[in-house]
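Sequence order for the protein chains is P and R.
Under my numbering, the first residue of the first sequence carries the number 1, and numbering increases by one thereafter.
Under my numbering, the first residue of the second sequence carries the number 1001, and numbering increases by one thereafter.
The C-beta atom is built at its ideal place from N, Cα and C for all residues, glycine as well.
None of the values given here were measured: they were computed from a predicted structure.
Below is one structure, written out as structure tokens, with a few remarks after it.
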Amino acid sequence: GENVEQHPSTLSVQEGDSAVIKCTYSDSASNYFPWYKQELGKGPQLIIDIRSNVGEKKDQRIAVTLNKTAKHFSLHITETQPEDSAVYFCAASWFSGGYNKLIFGAGTRLAVHP
Amino acid sequence: SAVISQKPSRDICQRGTSLTIQCQVDSQVTMMFWYRQQPGQSLTLIATANQGSEATYESGFVIDKFPISRPNLTFSTLTVSNMSPEDSSIYLCTGLAGGHNEQFFGPGTRLTVL
């Protein structure tokens, strides 16, 4: 089955710096890679995703890159702000039982200090 | 994006009892997924619920413990049966529309078992 590893588990940056979170996946057939942000006491929020036919995608201060050959993808947050502080989860699709499931990484706790 | 609502938002239950969690989607979805998030952990898929058929459970989860209903294309329930303190978690549902990959989470149900 699919396995997703996420690093680092915690990340602390100063406001205005960039933050990078990396994930690797095991199933070369995976074709969809979303990123979720979870704030304290809330459900995960989809913030950006990328499909396997694209190498990079940007949305304002957030970007995701995908290297299919190496089977890894990364989340980049530029000009970090205190409100970016949250737990971030990567996920990879895994086709099983006739449909795509999502397998999640362990999460990265990002702290942005003013 | 689909909007997911769950009831109850939180509950404190006694061991040995059962709790039924409701999930409502604001649009018709092909599949609904139930996840568990143990304290400080990532998201683990419990089962997939399709209308008109039995739910499909992931390894480690069984129907007797987590019975699921899916009476129509916008609603599902998950019951946590014969609860023990180890069942204390956040339970979340998502919906998946046909032809799409995006899964949107609701706020979740925070369950504490004493």
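Measure the alpha-carbon distance for residue i versus residue j and round it to whole angstroms.
i: R:GLN1051; j: R:CYS1093; result: 15 Å
i: P:GLU2; j: R:SER1001; result: 26 Å
i: P:LEU75; j: P:HIS7; result: 11 Å
i: P:SER52; j: P:SER30; result: 8 Å
i: P:PRO34; j: P:GLY107; result: 13 Å
i: P:VAL54; j: R:SER1088; result: 39 Å
i: R:ARG1175; j: R:PHE1105; result: No statement about residue 1175 of chain R is possible, as the shown extent of chain R runs from 1001 to 1114 and does not include it.
i: R:MET1032; j: P:TRP94; result: 16 Å
i: P:LEU102; j: R:THR1048; result: 11 Å
i: R:ILE1068; j: R:ALA1055; result: 6 Å
i: P:LYS68; j: P:SER96; result: 20 Å
i: P:ASP17; j: P:ASP84; result: 11 Å
i: P:LEU46; j: P:TYR36; result: 4 Å
i: P:LYS22; j: R:PRO1008; result: 35 Å
Would you mind reading off the limits of the beta strand (DSSP E) that contains residue i?
i: P:PRO34; result: 32-38
i: P:ALA92; result: 86-96
i: R:VAL1113; result: 1109-1113
i: R:PHE1061; result: Neither: R:PHE1061 is in no beta strand (DSSP E) and is coded neither H nor E.
i: P:GLY1; result: Element bounds for P:GLY1: n/a, residue is neither H nor E.
i: P:SER74; result: 72-77
i: R:LEU1045; result: 1044-1050
i: P:LYS101; result: 99-104
i: R:PHE1075; result: 1075-1080
i: R:SER1069; result: 1068-1072
Nearest by alpha-carbon distance to residue i: which of the options is it?
i: R:VAL1003; options: R:THR1112, R:PRO1107, R:VAL1113 and R:LEU1114; result: R:PRO1107
i: R:MET1078; options: R:ILE1063, R:LEU1111, R:ILE1021 and R:LEU1043; result: Note that residue 1078 of chain R is Leu in the sequence shown here, rather than Met. Of R:ILE1063, R:LEU1111, R:ILE1021 and R:LEU1043, the residue nearest in Cα terms is R:ILE1021.
i: P:ILE50; options: P:SER85, P:ASP59 and P:VAL87; result: P:ASP59
i: R:GLU1086; options: R:SER1005, R:ARG1015 and R:SER1009; result: R:ARG1015
i: R:VAL1025; options: R:LEU1096, R:PHE1061, R:SER1059 and R:HIS1100; result: R:LEU1096
i: R:SER1120; options: R:TYR1091, R:MET1083, R:SER1084 and R:THR1017; result: For residue 1120 of chain R there is no data in the structure shown, the boundaries of chain R being 1001 and 1114.
i: P:TYR19; options: P:SER28, P:PRO114, P:LYS101 and P:THR78; result: In the sequence on display, residue 19 of chain P carries Ala and not Tyr. For P:ALA19, the nearest C-alpha among the options comes from P:THR78.
i: P:ILE48; options: P:PHE73, P:GLY98 and P:ASP27; result: P:PHE73
i: P:PHE104; options: R:ILE1046, R:PRO1008, R:ALA1055 and R:ILE1063; result: R:ILE1046
i: P:ALA91; options: P:GLU15, P:PRO44, P:GLU39 and P:GLN81; result: P:PRO44
i: P:ASP27; options: P:LYS57, P:LYS42, P:PHE89 and P:GLU5; result: P:GLU5
i: R:VAL1102; options: R:CYS1013, R:SER1053, R:THR1030 and R:ARG1010; result: For clarity, residue 1102 of chain R is Glu in the given sequence; the question names Val instead. Answer by Cα proximity: R:THR1030.
Is there at least one non-hydrogen atom of the ligand SAH closer than 7 Å to the beta-carbon of residue i?
i: R:LYS1007; result: Ligands displayed in this structure: none; no statement on the ligand SAH is therefore possible.
Residue i and residue j look like a contact to me (Cβ under 8 Å); what is the Cβ gap, rounded to whole Å?
i: P:ARG109; j: P:THR24; result: At roughly 19 Å, the Cβ-Cβ gap does not stay under 8 Å, so P:ARG109 and P:THR24 are not in contact.
i: P:VAL87; j: P:VAL13; result: Their Cβ separation, rounded to whole angstroms, is 15 Å, which puts P:VAL87 and P:VAL13 out of contact at 8 Å.
i: R:SER1005; j: R:SER1081; result: About 23 Å; that fails the 8 Å criterion.
* Selection of the stretch 23-44 of chain P by Cβ proximity to chain R, strictly under 9 Å -> So the close ones are ASN31, TYR32, PRO34, TYR36, GLN38, GLY41, LYS42, GLY43 and PRO44.
* If contact means a Cβ-Cβ distance below 9 Å, which residues of the stretch 1031-1043 of chain R contact chain P? -> Result list: MET1031, PHE1033, TYR1035, GLN1037, GLY1040, GLN1041, SER1042 and LEU1043.
* Compile a chain-ordered list of the residues in the stretch 1089-1104 of chain R whose CB is closer than 7 Å to at least one CB of chain P. => Within the stretch 1089-1104 of chain R, those residues whose Cβ lies closer than 7 Å to any Cβ of chain P are, in chain order, LEU1092, ASN1101, GLU1102, GLN1103 and PHE1104.
* Using a Cβ cut-off of 7 Å, which residues of the stretch 101-113 of chain P contact any Cβ in chain R, in chain order? -> Those residues of the stretch 101-113 of chain P that come within reach of chain R (Cβ to Cβ, closer than 7 Å) are LYS101, LEU102, PHE104, GLY105, ALA106 and GLY107.
* **Interfacial residues, the stretch 1013-1033 of chain R to chain P, with Cβ spacing under 9 Å** => Taking 9 Å as the Cβ-Cβ cut-off against chain P, the residues of the stretch 1013-1033 of chain R that qualify are THR1030, MET1031 and PHE1033.
* To do: Output, in sequence order along the chain, the residues in the stretch 74-99 of chain P whose CB is closer than 7 Å to any CB in chain R.
  => Under the 7 Å Cβ criterion, the stretch 74-99 of chain P contributes PHE89, SER93, GLY97 and TYR99.
* To do: Quick one: which residues of the stretch 40-69 of chain P get their C-beta closer than 9 Å to a C-beta of chain R? List them in chain order.
  => Listed in sequence order: GLY41, LYS42, GLY43, PRO44, GLN45, LEU46, ASP49 and ARG51.
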